[in-house]
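With numbering that gives the first Met the number 0 applied, the sequence shown corresponds to residues 0 to 162, in that order. Notes follow the structure.
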Amino acid sequence: MSPWTFFKGTRTALITAFATSSSSATMPLSMKCAQENLGVRPQTAGFVIPLGTQLNMDGTALYEAAAALFVANLVGLDLNLTQQIIVCLTAMIASLGAPGIPSAGMVTMIMVLQSVGLPAEAIAILLPIDRLLDTVRTVVNVQGDMMISVVVDRYTKDKDISV
């Protein structure tokens with residue numbers, strides 16, 4: 000499947016994700032787009048997309064890692080390679096626990112900041128721009144859920160996955 004076909008098929012869900020900043024609220028539309036526009040079987044979409052909505056917060060993980068490195072730079076703290084890896088790992092783990100609701104990543108962001116000794120108060124620097132960035136994070140999360148559903152469906156096309 001070409002990227003253009005994928006983005007055209009997911010457009011409605013991605014616009015909704017941008018508008019709501021909630022992958023949970025977008026989940027029914029994501030499932031519909033995956034099935035009707037991308038040709039994903041209902042069994043695959045019904046398993047992969049809800050699971051991804053809860054666990055696949057890749058946009059949140061990317062944001063938290065980048066934001067923590069930004070805050071470190073802003074407060075004048077040079078993070079060594081080990082600390083940068085800790086930030087990335089903590090961001091990945093923290094994103095697994097983030098619910099699919101608006102601005103949920105700000106709660107887990109505190110854990111990422113404190114993992115390398117950055118002050119939790121620095122989150123105030125990120126709050127003014129969080130609403131805009133939250134919409135983009137949600138689009139990345141929803142896009143990843145639908146992309147994985149297409150990949151899983153293609154790899155299991157010949158398999159009987161009925162339960």
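For every residue, glycine included, the Cβ atom is placed at its ideal position computed from N, Cα and C.
- By the neighbour-count criterion, in which a residue is buried when 16 or more other Cβ atoms sit within 10 angstroms of its Cβ, Glu35 is exposed.
- By the neighbour-count criterion, in which 16 or more other beta carbons inside 10 Å mark a residue as buried, Asn140 falls on the buried side.
- For Leu54 and Val74, the gap between their C-alpha atoms comes out near 32 Å.
- Annotation: the continuous alpha helix (DSSP H) that includes Val135 extends over Ile122 to Tyr154.
- In this structure, the alpha-carbon of Pro118 lies about 40 Å from that of Met30.
- Distance from Thr107 to Glu63 at the Cβ level is roughly 7 Å; contact confirmed, criterion being Cβ atoms closer than 8 Å.
- Annotation for Gly45: the continuous alpha helix (DSSP H) segment containing it runs Pro41 to Leu54.
- Taking 7 Å as the cut-off, the beta carbon of Ser148 is found no closer than this to the beta carbon of Thr19.
- Where Ser29 is concerned, the enclosing alpha helix (DSSP H) starts and stops at Ser22 to Glu35.
- Around the C-beta of Leu50, fewer than 16 other C-beta atoms lie within 10 Å, and the residue is accordingly described as exposed.
- By the neighbour-count criterion, in which a residue is buried when 16 or more other Cβ atoms sit within 10 angstroms of its Cβ, Met56 is buried.
- Its Cα nearest to that of Val138, the residue Ser21 stands out among Leu37, Ser21, Ala123 and Val111.
- With a contact defined as Cβ atoms closer than 8 Å, Ala90 and Ala71 miss out at about 13 Å.
- Taken through DSSP and simplified to helix, strand or coil, Asp57 comes out as helix.
- Excluding its 5 nearest sequence neighbours in each direction, Leu125 has C-beta neighbours in its own chain below 6 Å: Ala66, listed in chain order.
- Look at Ser1 here: in three-state DSSP terms it is coil, with no helix or strand label.
- Taking 7 Å as the cut-off, the Cβ atoms of Val115 and Ala93 do not count as close.
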